[in-house]
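J.: If you scroll down you'll find the structure; I have some questions about it.
In this note's numbering, the protein residues as written are 37 to 914.
Spelled out as structure tokens, the structure:
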């Protein structure tokens, strides 16, 4: 039988899979000799068994009883003992940090008898009754599923204009009775008075919260696997709400917003932990603890240094001070902004804690992309409404909305919105995801809004205390009596904390300017430069661009592209040239067809010459015309109406065009006459394009042309086109590699045959995904993808990240069989997945030579290619 419960003395930080992040780190701090309250962890394996079987696993109850008895012996008192109660917290703790997404219950063990014992032992009646009301409130909301607003409304009715801290013991005793009445009315039973029943029900509630809607949504957003489960930590309570010499706080070993070294965090006197992260009372900066309690402050600073050196990273710390004594409740590698991630990584290199290889793995392509976002330029006279805390950087403007539901609704219509709340809570996650930015009037840099926004790379301003936010009325009032109603546009600056009325114009990011050739002057850009330079030095994958114009090609080269992996020639047939394509389609004789091709050829030659010139010396893969003919023709219905309305006056061209459109109409054009099929069906079309490529290559000088045949499903198709192309190239005296896109499942399954005629493969994963799954991206994403994500059919859209099990397996087959036939076969990817971080890692794993993506994603792909090389090397070493 597996072991389900571990004492803190039995674990360590490397057991996160089993003990969750919180439990593993509590064990690690215990091993380091830091002041951690004793406790034990119920494993993620127990959670998975519970969720799978619908009941607690055999033996778990007995193990919990044994560990609880050992804890009681160590503390010298029993759980809920009437005269001197042991109280515990029951807290979630998944492998990956999910702040606020799952449940916590504090003060378990209190009932009508033990609250009197706690009051007597502590000599503080107010503290005892405050702890009891907190238990009923948290237990009622998280375990019994009672609407939390019922408790909040009851508390608001009692305190009136007073602050929480102004309620005395008698007030809180009355509140306990009111809360118990809420429980009775809403559940039909009394609040459970048995301490062990309280604990067991709380453990179940934490397990159940793994599959709560907000936890599922957060996992999907952060790509956390659904099958991990959460651990549960049962910890002896220490109390920050015992009076002015007690308190609770959150600290960071460096600024999670900028990466700057110093003392960062929040402290709240006479409070328990949830008060800080909930933002319901405004905290003071951590530096003020030096005045409030110099000894505890010095001890905390020492512990922060110990933890940062031990974890070799920014640490996020939760602590409580009970009557002057410091206790550590949690540590973890802290979430940070993209800017802080790059700065901290290089700082740690300079401090000798990590090397550059590790620095590259400490940052991500998504963070780099965020740093390239624009920022506010001069405010152009926009009225500054207030300044809050700069919780998560960036510039965001949009319509003010005051509920998560409204944010989702308007964002779904394409509106940019700013979610405005007094404070956010886990139920606001959907709105935070939908919004461009988050603004709160309460809370600090460690509040729920700040932590979650930083993790998502979302702009956030917190603690804008001067704003009077009325979420029910849908408005807030700023200093000077300025009223902002729902729908009014505001702008928030996550770097300075400023809040502006109206839309503030933005300016380019210095990181984006760096990639355009700008200087590496400030700390952030220097950090990006160092990490990118090292990533480039270690990566195996080359990075190319998807570019169809000389301008895109030039930009791609500035961003570090090592060639073009996909130049789509069909884009060159649109606009004013569409009529020439119509002429080709309307041609009824070989002479008419050749005349249309002769008119198109010099235009194609000019296009290719410009691209070859921009990428001189680098490979350029040109895909011959691919999309179905309907994309070049008028809409059937519109043209039919036009001809019908014109009657006898309809022109001959329109009539002929209508006949052609009807003749070529397809029910499913994406699976019809396109790609290589079109090239074979219209004699001379591909030959014209190959001649244009050859002429352009001669004119540009130094061109490295690669010709890619699209939509090949059988080697015979490729052989026919290749024979004609080789003849044209030989006549022109030009060399060019000839290969194909692997975008039809049959091509992947017959890759060994196709490689006999192809010098390179490039995976067109957009079409390969559509054809493998059997759905059209344009039609299904809005139709049912949301449902599939909610139901867990998709962890992430297969168009966003390569479906490794299906599409990925086809890619593996093509790689293995293609290289078996032709060992020097060059392999790349040119679908949109080429710029997706996770997909880049997959391309490294299966042995591709390059990835190709849009010019703006090239820096991301370069960084991820470096990270993938280091990750694979580390995995191979193990």
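Quick reminder that beta carbons are idealized off the backbone N, C-alpha and C, glycines included.
Where residue 211 and residue 281 are concerned, what is the direct C-alpha to C-alpha distance, given to the nearest angstrom?
T.: Against the chain shown, residue 211 aligns to sequence position 175. Against the chain shown, residue 281 aligns to sequence position 245. Whole-angstrom Cα-Cα distance: 24 Å.
J.: Return the first residue and the last residue of the beta strand (DSSP E) that residue 97 is part of.
T.: Position 61 of the chain shown holds residue 97. Taken as a continuous stretch (DSSP letters only), residue 97 belongs to no beta strand (DSSP E), being part of the alpha helix (DSSP H) at 96 to 111.
J.: Residue 488 and residue 59: beta carbons closer than 8 Å?
T.: Here the question's residue 488 lines up with position 452 in the chain shown. Here the question's residue 59 lines up with position 23 in the chain shown. No.
J.: Mind listing, in chain order, the continuous beta strand (DSSP E) runs of no fewer than 3 residues lying wholly within the segment 679 to 746?
T.: Counting only runs of 3 or more, we get 740 to 745.
J.: Comparing C-alpha positions only, which one of 108, 245, 276 and 392 sits nearest to residue 899?
T.: The residue given as residue 899 occupies position 863 in the chain shown. It is 392.
J.: Taking the alpha-carbon of residue 780 as reference, which of 803, 761 and 760 has the nearest alpha-carbon?
T.: To locate residue 780, count along the chain shown from 1; it is residue 744. Ranking the options by Cα distance to residue 780, first place goes to 803.
J.: Skipping 5 residues on each side, what residues in its chain have a beta carbon closer than 8 Å to that of residue 113?
T.: Counted from its first residue, the chain shown places residue 113 at position 77. Result list for residue 113: 120, 121 and 122, in chain order.
J.: My guess is that residue 497 and residue 535 are in contact by the Cβ rule of under 8 Å, so how many angstroms apart are they, rounded?
T.: Sequence index remark: in the chain shown, residue 497 carries index 461 (1-based). Sequence index remark: in the chain shown, residue 535 carries index 499 (1-based). That pair is a contact at about 6 Å.
J.: For the beta strand (DSSP E) holding residue 529, just list the boundary residues, first then last.
T.: The count along the chain shown starts at 1 and reaches residue 529 at position 493. Residue 529 -> beta strand (DSSP E) spans 525 to 529.
J.: Here's a check: name, in chain order, each residue in its chain whose Cβ is nearer than 6 Å to the Cβ of residue 223, leaving out the five neighbours to either side.
T.: The residue labelled residue 223 in the question sits at position 187 within the chain shown. These residues qualify, in order along the chain: 180.
J.: Quick check on the burial criterion: 16 or more other C-beta atoms within 10 angstroms. Buried or exposed for residue 261?
T.: As a working mapping, residue 261 is identified with position 225 in the chain shown. Flag for residue 261 reads exposed.
J.: Taking the straight line between their C-alpha atoms, what separation do you get for residue 161 and residue 199?
T.: Working through the chain shown from its first residue, we reach residue 161 at position 125. Working through the chain shown from its first residue, we reach residue 199 at position 163. Going by the C-alpha atoms only, they are around 18 Å apart.
J.: Closest by CA to residue 542, which one among 410, 562, 560 and 759?
T.: Locating residue 542 in the chain shown gives position 506, counting from the first residue. Ranking the options by Cα distance to residue 542, first place goes to 410.
J.: With a cut-off of 8 Å on the beta carbons, I'd call residue 657 and residue 744 a contact; round off their distance for me.
T.: Stepping through the chain shown from its first residue, residue 657 is reached at position 621. Stepping through the chain shown from its first residue, residue 744 is reached at position 708. So it is a contact: roughly 5 Å between Cβ atoms.
J.: Taking 8 Å as the cut-off, does the segment 593 to 612 touch the segment 576 to 584 (at least 3 CB pairs, one atom from each stretch)?
T.: Contact holds: three or more Cβ-Cβ distances are below 8 Å.
J.: What is the DSSP secondary structure of residue 362, reduced to helix, strand or coil?
T.: For the purposes of this step, residue 362 is taken as residue 326 along the chain shown, with counting starting at 1. Residue state, collapsed to three classes: strand.
J.: Span of the beta strand (DSSP E) holding residue 78?
T.: In the chain shown, residue 78 corresponds to position 42, counting from 1. That run of the beta strand (DSSP E) goes 75 to 78.
J.: Drop a sphere of 10 angstroms on the beta-carbon of residue 385, count the other beta-carbons inside from all chains shown, and report buried for 16 or more, exposed for fewer.
T.: Translated into the one-based positions of the chain shown, residue 385 becomes position 349. Buried: at least 16 other Cβ atoms inside 10 Å.
J.: Who does residue 972 pair with in a DSSP beta bridge?
T.: The chain is shown only over 37 to 914; residue 972 falls outside these bounds and no answer can be derived.
J.: Throw me the rounded Cβ distance for the residue 306 and residue 279 pair, which I believe falls under 8 Å.
T.: Within the chain shown, numbered from 1, the residue matching residue 306 stands at position 270. Within the chain shown, numbered from 1, the residue matching residue 279 stands at position 243. That pair is a contact at about 6 Å.
J.: If you draw a straight line from the alpha carbon of residue 373 to that of residue 486, how long is it in whole angstroms?
T.: Looking up residue 373 in the chain shown gives position 337. Looking up residue 486 in the chain shown gives position 450. The alpha-carbon atoms of residue 373 and residue 486 are separated by roughly 10 Å.
J.: Between the segment 720 to 728 and the segment 634 to 641, are three or more C-beta pairs nearer than 8 Å?
T.: Flag = yes, the segment 720 to 728 and the segment 634 to 641 touch.
J.: Quick check on this structure: which residue in 624, 559, 723 and 732 has the alpha carbon closest to the alpha carbon of residue 644?
T.: Here residue 644 refers to the residue found at position 608 when the chain shown is read from its first residue. If we check each option's Cα against that of residue 644, 732 comes out closest.
J.: How about residue 831 and residue 240: do their beta carbons lie closer than 8 Å?
T.: Residue 831 sits at position 795 when you count from the first residue of the chain shown. Residue 240 sits at position 204 when you count from the first residue of the chain shown. No, the Cβ-Cβ distance between residue 831 and residue 240 is not below 8 Å.
J.: Going by other Cβ atoms of all chains shown within 10 Å of its Cβ, with 16 needed for buried, is residue 521 buried or exposed?
T.: In the chain shown, the residue the question calls residue 521 occupies position 485. With fewer than 16 Cβ atoms within 10 Å of its Cβ, residue 521 is classed as exposed.
J.: Just to confirm before moving on: does the CB-CB distance between residue 863 and residue 797 stay below 8 Å?
T.: The sequence position of residue 863 within the chain shown is 827, counting from 1. The sequence position of residue 797 within the chain shown is 761, counting from 1. A contact, by the Cβ cut-off of 8 Å.
J.: DSSP three-state call for residue 68: helix, strand or coil?
T.: On the chain shown, residue 68 is found 32 positions in, with the first residue counted as 1. Coil, per DSSP.
J.: Quick check: the segment 670 to 685 against the segment 756 to 775, are at least 3 beta-carbon pairs closer than 8 Å?
T.: No, the segment 756 to 775 does not touch the segment 670 to 685.
J.: For the alpha helix (DSSP H) containing residue 297, name the first residue and the last one.
T.: Here residue 297 corresponds to residue number 261 of the chain shown, with the count starting at 1. Where residue 297 is concerned, there is no enclosing alpha helix (DSSP H), although the beta strand (DSSP E) it sits in stretches over 297 to 305.
J.: Using the Cα positions of residue 553 and residue 590, report the straight-line distance between them to the nearest angstrom.
T.: Residue 553 sits at position 517 when you count from the first residue of the chain shown. Residue 590 sits at position 554 when you count from the first residue of the chain shown. C-alpha separation (whole angstroms): 12 Å.
J.: By Cβ distance below 6 Å, which residues in the same chain neighbour residue 363 in space, the five residues on each side in sequence not counted?
T.: For this step, residue 363 is matched to residue 327 along the chain shown. Excluding positions up to five away in sequence, the list reads 71, 73, 274 and 356.
J.: Going along the chain, which residues of its own chain have a beta-carbon closer than 6 Å to the beta-carbon of residue 157, five neighbours each way excluded?
T.: Translated into the one-based positions of the chain shown, residue 157 becomes position 121. Correct list, in chain order: 120.
J.: For residue 856, name the three-state secondary structure that DSSP assigns.
T.: As a first step, residue 856 must be located in the chain shown, where it is residue number 820. Helix at residue 856.
J.: Skipping 5 residues on each side, what residues in its chain have a beta carbon closer than 7 Å to that of residue 630?
T.: The residue labelled residue 630 in the question sits at position 594 within the chain shown. Here the set comprises 720.
J.: Where does residue 179 fall in DSSP's three states?
T.: Counting from one through the chain shown, the residue named residue 179 turns up at place 143. In this structure, residue 179 counts as coil in the three-state DSSP scheme.
J.: Near residue 176, which residues of its chain fall below 6 Å by C-beta distance, leaving aside the five closest residues on each side in sequence?
T.: Your numbering for residue 176 matches position 140 in the chain shown. Cβ neighbours of residue 176 beyond the five flanking positions: 182 and 219.
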